[in-house]
Structure formats: structure tokens, C-alpha cells
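Novice:
Set out below in C-alpha cells:
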């Protein structure tokens, strides 16, 4: 199997895991915790953007 295909799949899995974590934060935490935990999405958004740039 091609090395690039393996790296692409690993990046895709990591990006999907990050997206799932963000969705869990948005839908299951109360709004007060979301406002207090604004640091975590602020950290995850650049990570997700970097992964998306690497996927292209």
C-alpha cells in the first residue's frame, strides 16, 4: 500500500475524532461550561484547520 494513502487515512481519522469531540462539547455540555471552556474550542479550531490543510 502507498505511504501517502496511509498518512491520508490517519489524518482523516484524527480530523473526524476532533470533529466528534467538538460536537460532543456543543451538544452535551451546558452553556455555562461552554462559556468557561472557550479555551478548548479556540485550541481545537486551529488544529482542525491544520489537519484540513494537510489533507489537501
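Numbering (the numbering used here), first residue to last: 12 to 67.
Virtual Cβ for every residue (Gly too), placed ideally from N, Cα, C.
None of these values were measured; they are calculated from a predicted model.
For chain D, is any of its Cβ atoms less than 9 Å away from the one on residue 17?
Specialist: Protein chain content of the structure displayed is limited to a single chain, and chain D is not contained in it.
Novice: Excluding sequence positions up to five away, which residues of its chain have a Cβ less than 6 Å from the Cβ of residue 65?
Specialist: Answer for residue 65: 22, listed in chain order.
Novice: Once you ignore the five residues that flank residue 55 on each side, which residues in its own chain have a CB closer than 8 Å to its CB?
Specialist: Excluding residues within five positions, the ones whose Cβ falls inside 8 Å are 29, 32, 33.
Novice: One question on the structure: do residue 62 and residue 26 come within less than 9 Å of each other, judged by their Cβ atoms?
Specialist: Contact: yes.
Novice: For residue 19, which residues from the same chain have a beta carbon less than 8 Å from its beta carbon, with the 5 sequence-adjacent residues on both sides left out?
Specialist: Answer for residue 19: 66, listed in chain order.
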